[in-house]
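Structure, as structure tokens:
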Amino acid sequence: MKNVIRKTDYTRYDRDLLRIGLARVLAKIVLRAFFSFIQLGIRRMSVEAPYGSWTSTITPDLFAKGNCKAICELQATNDGVFWVEQSASTGKRELYFHSCKPSSTSVRWAPQQSVQNCVHEYGGGSFLPLSDGSVIYSTIDGVFHQKVPEAPPVQLADSNEKKLRYADFSVSGTHIFCVNESHLQPGVDPENRIISIDMVTKEQKVVASGADFYASPRVSADGKRIVWMQWNHVNMPWDETSIHLAVLNDDGTISNEVVVKDGTGKKINYYCPSWEEQYLLMINDSTNFWNLYEVDVGEEFKEKSVFPVDHEIGYPLWQLADRPYASNGSCIIMNVNGRLMLRRDMAVREVPTPGYTVFSHLSITDADVAYAIASGPRKASCVLQIDLSKEESEPTIDVIRTARDDKDIEALDISEPEHLEFQSDGVPVSAWFYKPKNRHFTGPAAMLPPVLVLGHGGPTAVAVNSLDLKKQFFTSRGFAVLDVNYRGSTGFGTNFRNMLKGQWGVVDRDDMIAAARSVIARRLVDADKVCIQGSSAGGYLVLSALIHSDVFKAAVCAYGVADLIGLAKDTHKFERGYNQTLIGKYPEEERIYKVSAACFSSTPIHL
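Numbering-wise (numbering that gives the first Met the number 0), the sequence shown opens with residue 0 and increments by one.
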């Protein structure tokens with residue numbers, strides 16, 4: 000017998016649906032009324048005041064408070080994690096260690112030392128933990144070896160009154176391999192090279208020389224081979240580079256040097272080489288995006304993509320030894336445009352990191368515990384520990400050290416940014432937009448807030464959505480902040496980054512103007528209260544924007560570039576070629592330098 004719905008059953012069924020529908024409508028009305036009541040209560044607790052006039056607890060003296068100014072460098076071992084943090088009170092860069100043993104506390108390794116270097120002027124790669132638990136580190140006075148915390152260090156190399164610089168260490172037996180920069184000859188460019196230092200005799204030997212710059216000397220696990228990257232003017236380390244491989248001899252020298260990959264003349268960037276058994280891992284941007292590749296050193300250096308993606312796994316090597324990926328032989332963790340991805344057993348999955356969006360200096364232990372310097376919209380710079388050892392469950396995340404505690408941040412009025420996109424000369428450009436936020440104030444309904452438009456430095460840097468109290472200083476006082484990723488910024492592919500070549504102060508300037516006009520058109524800000532701020536390369540951007548537009552009513556240019564000819568003559572070796580790719584050859588194209596220099600133009604406002 001077939002199931003038949005009788006008329007009476009259908010009517011009853013219909014009535015039940017009606018009751019459910021009425022209940023849902025009633026629930027929505029109640030919820031709306033509840034949230035309206037909450038919003039009304041918040042408004043009653045806050046004071047209406049003009050944007051820009053609000054008082055705030057985020058004051059300049061707060062910037063100097065916290066546990067430290069920033070976490071600067073990080074490297075993990077199977078015993079724990081080392082990092083360098085900058086003291087908020089003294090500015091010293093102090094080396095710390097935290098053991099992986101339960102209930103461990105962090106210890107300061109070298110209290111009397113500031114662990115840092117000035118290779119390429121920007122440093123990085125200032126220390127290396129060794130397998131016996133000791134550490135090699137660099138200071139302005141040379142290279143030191145220290146076996147246990149707070150013990151007297153043994154000096155392995157002298158800086159010769161700060162004329163010799165050392166960074167980016169690797170080790171094989173009793174030999175240290177590092178990047179060395181010699182300023183011994185006055186009046187000429189410093190000489191960059193890779194050297195070895197005998198930890199017993201302290202003898203130094205040149206391993207590789209002749210190129211303008213070197214980075215990332217990495218010794219294989221068996222200690223028999225070494226790989227490194229090198230490049231020449233006018234390239235920067237994110238332009239055309241090459242990867243070299245050689246056999247290590249017992250005396251700290253090399254033989255049988257070969258070129259593994261060469262981007263010279265091919266407009267390909269190769270960087271961040273490391274070892275994974277018989278493979279080399281390295282990053283290149285041959286697909287327009289920095290991606291990670293395995294290179295088989297036994298088969299004519301054939302390469303295979305680890306995780307092909309139209310996103311960046313990498314960033315400009317302004318500082319040595321920064322790593323956008325880490326491998327322990329069984330798995331690889333990668334920073335893919337602010338998302339951590341894990342490859343294990345040839346499968347790739349995302350590692351959830353709630354609240355964290357910016358990562359650097361990735362490192363991983365044999366036990367599948369990863370570490371990174373991390374931050375986020377409401378998270379200060381920290382040492383993040385991610386336990387990936389349990390394959391079937393979500394990773395366990397712990398904060399080992401943070402520049403500023405979460406409870407201190409929660410007490411502040413933090414504006415989290417919104418990602419905006421707009422068109423500039425037909426090119427998609429983006430920015431982070433921070434609305435004014437202060438729990439004690441609201442702006443008048445008929446008013447729009449003033450806005451501070453920010454141009455980052457570099458100019459090959461990037462605006463990110465991590466916590467920056469300088470931005471919150473303004474948003475908590477009723478200003479909006481617009482942080483622009485103009486053409487030339489990192490994170491959007493090589494083609495986008497290279498749009499600034501030969502166009503510095505032109506396309507980036509146009510993007511800043513377009514960004515300001517975009518938020519004005521969306522009625523997010525007051526068109527008569529648009530400000531602009533930048534420093535260094537961002538300062539030059541500010542000056543150019545002021546000369547070529549009247550959209551900005553006030554400006555702050557901090558240590559900005561104004562005299563391009565002076566910049567070309569006085570720039571240090573590392574960035575000298577950078578000027579020529581951004582502006583033009585000097586002195587052959589001196590006319591461009593004069594036309595583009597802000598010091599030869601005037602602005603419609605007084606600075």
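For glycine and all other residues, C-beta sits at the position ideal for the given N, C-alpha and C. Predicted model, so just to flag it, every value in this text is computed and none were measured.
Which class does Ser-517 belong to by DSSP, given the choice of helix, strand or coil? helix
Helix or strand or just coil, what does DSSP make of Ile-385? strand
Strictly by DSSP, which residues pair up with Cys-556? Gly-533
So Asp-397 is in the beta strand (DSSP E); what residue range does that whole segment cover? 395-401
Smallest Cα separation from Val-147: which of Trp-108, His-119, Gln-184, Phe-168? Trp-108
Going along the chain, which residues of its own chain have a beta-carbon closer than 7 Å to the beta-carbon of Asn-231, five neighbours each way excluded? Ala-210, Asp-211
Rounding to the nearest angstrom, what Cα-Cα distance links Gly-425 and Leu-291 in this structure? 31 Å
Check whether Glu-72 and His-360 have beta carbons under 8 Å apart: yes
Rounded to whole angstroms, how far is the Cβ of Leu-563 from the Cβ of Ile-582, which I believe are closer than 8 Å? 6 Å
Suppose contacts are defined by Cβ-Cβ distances below 8 Å. Is Cys-99 in contact with Arg-164 by that definition? no
Does Pro-272 come out as helix, strand or coil in the three-state DSSP assignment? strand
Among the residues of its own chain, which have a CB less than 8 Å from the CB of Val-83, if the five just before and after it don't count? Ile-70, Cys-71, Glu-72, Leu-73, Arg-92, Glu-93, Leu-94, Tyr-95, Val-114, Gln-115, Ser-125, Phe-126
Return the bridge partner residues of Leu-183 from the DSSP annotation. DSSP lists no partner for Leu-183.
By alpha-carbon positions, which one of Tyr-370, Glu-393, Ile-512 ends up nearest to Arg-400? Tyr-370
Assigned exposure category for Leu-183 - 16 Cβ within 10 Å defines buried: exposed
Of all the options Glu-275, Tyr-558, Ile-139, Leu-341, which has the alpha carbon lying nearest to the alpha carbon of Ile-385? Leu-341
In this structure, does DSSP put Gly-90 in helix, strand or coil? coil
Check whether the region 459-479 and the region 254-262 are in contact - that is, three or more C-beta pairs closer than 8 Å. no
Met-198 by DSSP, collapsed to three states: which one? coil
Would you decide whether His-418 is buried or exposed? Buried here means 16 or more other CB atoms lie within 10 Å of its CB. exposed
Looking at the unbroken beta strand (DSSP E) that takes in Gln-203, where does it start and where does it end? 203-207
Can the beta-carbon of Ser-543 be found less than 8 Å from the beta-carbon of Tyr-558? no
May I ask you to list the residues that DSSP assigns as paired with Gln-229? Tyr-213, Ser-241
Glu-391 versus Lys-378: straight-line alpha-carbon distance, rounded: 28 Å
If distances are taken between C-alpha atoms only, which option among Ala-561, His-174, Ser-273 comes closest to Trp-503? Ala-561
Buried or exposed: Arg-590, going by 16 or more other Cβ atoms within 10 Å of its Cβ? exposed
Relative to the C-alpha of Ser-374, which residue among Thr-395, Lys-389, Thr-352 is closest? Thr-352
Residue closest to Glu-349, alpha-carbon to alpha-carbon, out of Leu-387, Ser-326, Pro-315: Leu-387
Sheet register partners of Pro-152 (DSSP bridge): For Pro-152, which the question treats as bridged, DSSP gives no partner whatsoever.
Just tell me which of Glu-276, Val-294, Asn-268 has its CA closest to the CA of Thr-286. Asn-268
The region 275-286 / the region 314-321 touching (three or more Cβ pairs under 8 Å): no
DSSP bridge partner residues for Ile-193 (one or two, in chain order): Val-178, Ala-207
If we count the other Cβ atoms within 10 Å of its Cβ and call it buried at 16 or more, is Glu-311 buried or exposed? buried
In this structure, how does DSSP classify Met-44 when only helix, strand and coil are distinguished? helix
Grouping DSSP H, G and I as helix and E and B as strand, with all else coil, what is Gly-124? coil
Counterpart residues of Phe-440 in DSSP-defined beta bridges: Val-46
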